[in-house]
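Written below as structure tokens is the structure these notes are about.
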Amino acid sequence: MDGCLALSEELIGDVTFELLRRAVTSIPGDVIRAIEEAYARERDHLAKSQLKVILENIKMAEERGVPVCQDTGIPLFFIEMGSGSRVKGDLKRGVYRGVERATREIPLRSNVIHPFTKENPGTNVGWCLPHIHFEFNSESEDLKILAVPKGLGSEAKTTLCYVASNEPMMEAVYFCVLDAVRSASGEPCPPYILGVGIGGTGELAVLNSKKASLKRIGSRNEDPDLEKLELRLLEAVNRMGIGPMGLGGSTTALDVHVELCGSHTAATPVAVSFQCWAARKAGAVIKPNGDVEYLEP
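In this text, residue positions in the sequence shown follow my numbering: the first is 735, and each later residue adds one.
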């Protein structure tokens, strides 16, 4: 860390603002391509019309620089701290300032309220939000920030179940996921991306399911058995006929991603996270010298 510059709160705030601006006004290229491919494959007239409107919506938002969805979500951040990452001041305060500015200037809908009093500060900051998940990477010197605006439509359908260790795990996970999709139906704004977190504790399974839902479409788990499970689930979900926006058709999910963690000997938690078609995220790498590289989401 010797010789590294300390990154300022102001820089963190500026990067946070820009990440949120990019995230809410544009959709990652892999998601757009997947929706375009689904549009080309889809034979149901109503489903095809929904996919067409989604693609037009994405194009219009990017051209006009406005949010792609009226629910700009609750800002969620994943920050990876490298060995060369030093911040002069309070990193969280820098992120919060960026969120407040984004809420004013983009603008973002002020979604964060007190659960009981319904007080709304109008800033999307308050009562432990926005949440920042920190990880440390001793093999990197950089600071990496991923901004994920999480809307409620898909978030509200997150599920968690536990599978006893004497049950056949692959089949149990398979039916846990299908039950979650059947229950959610069209409410999470399909076509969605499904993230499945297996193992750990309950909160870790949910966290891993959320991380899984952020993976690139078409990427597969390195474990051959989990890769087969992902593809089997994707095929089964799309056979359910829920379709785009829940109006029927052959495209309910764009992809399914699985993350695995060790588990207690007695039972294994299985979490399912839904990411709606507006799969908003934006990332950046901040070098120890303060240079910023915005990543292709």
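In this text, a Cβ means the ideal position worked out from N, Cα and C, and glycines have one as well.
Residues bridged to residue i by DSSP?
i, result
"Val992", "Val930"
"Gln1009", "Ile927"
"Ser997", "Gly934"
"Met815", "Phe870 and Leu877"
"Cys895", "Val1004"
Which same chain residues, not among the five before or five after residue i, have their C-beta less than 7 Å away from its C-beta?
i, result
"Arg755", "Ala836 and Ile840"
"Lys1015", "Ala757, Pro762, Leu880, Ala881, Val882, Leu948 and Pro1031"
"Cys1010", "Gly885, Gly887, Ser888, Pro922, Cys923 and Tyr926"
"Met904", "Leu963"
"Phe751", "Gly832, Arg835 and Ala836"
"Val787", "none"
"Glu796", "Thr759 and Ser760"
"His848", "Trp861"
"Ile792", "Ile761, Ile766 and Val802"
"Tyr784", "First, the amino acid is wrong: residue 784 is Gln here, not Tyr. Excluding sequence neighbours, Gln784 sits near Pro978, Met979 and Leu981."
Given this structure, state the Cα-to-Cα distance separating residue i from residue j, to the nearest angstrom.
i, j, result
"Gly1033", "Val846", "As displayed, the chain neither begins before 735 nor continues past 1031, which places residue 1033 out of reach and without an answer."
"Val1026", "Val1019", "6 Å"
"Gly977", "Thr892", "19 Å"
"Ser917", "Pro925", "15 Å"
"Leu880", "Gly823", "20 Å"
"Ser874", "Leu745", "20 Å"
"Val707", "Leu965", "Any property of residue 707 remains undetermined from this structure, which presents the chain solely from 735 to 1031."
"Gly799", "Gly747", "20 Å"
"Arg820", "His779", "54 Å"
"Val1004", "Ser899", "12 Å"
"Asp736", "Met815", "With a pLDDT of 49 at Asp736, under the threshold of 50, the modelled position of that residue is not reliable, and no figure is offered here."
"Arg973", "Arg777", "13 Å"
"Phe1008", "Val907", "16 Å"
"Lys945", "Ser953", "13 Å"
"Leu894", "Glu969", "22 Å"
"Leu789", "Phe850", "38 Å"
"Asn854", "Ser844", "7 Å"
Tell me whether residue i, by its Cβ, gets closer than 6 Å to a heavy atom of the ligand ADP.
i, result
"Arg966", "By its list of ligands, the structure shown contains no ligand whatsoever, and the ligand ADP lies outside what it can speak to."
Exposed or buried, residue i, counting other C-beta atoms within 10 Å across all chains shown (16 or more means buried)?
i, result
"Pro902", "exposed"
"Tyr1028", "exposed"
"Thr759", "buried"
"Gln804", "exposed"
"Pro801", "buried"
"Phe870", "exposed"
Going along the chain, which residues of its own chain have a beta-carbon closer than 8 Å to the beta-carbon of residue i, five neighbours each way excluded?
i, result
"Val911", "Leu928, Val930, Leu967, Val971, Val990, Val1004 and Val1006"
"Gly975", "Gly982, Gly983, Ser984 and Thr986"
"Ala1000", "Ala898 and Ser899"
"His867", "Leu810, Phe811, Phe812, Ile813 and Leu941"
Please go through the same chain and pick out, in chain order, the residues whose beta-carbon is closer than 6 Å to the beta-carbon of residue i, but skip the five residues on each side of it.
i, result
"Leu988", "Ala768, Pro925, Ile927 and Ile951"
Task: Contact between the segment 974-988 and the segment 739-752 (3+ Cβ pairs under 8 Å) - done: no
- [ ] Determine, using beta-carbon pairs with one atom in the segment 884-891 and one in the segment 807-818, whether at least three such pairs fall under 8 Å.
- [x] yes
Open item on the list: With a threshold of 8 Å, are at least 3 pairs of Cβ atoms found where one atom belongs to the segment 927-946 and the other to the segment 989-996?
Closed with: yes
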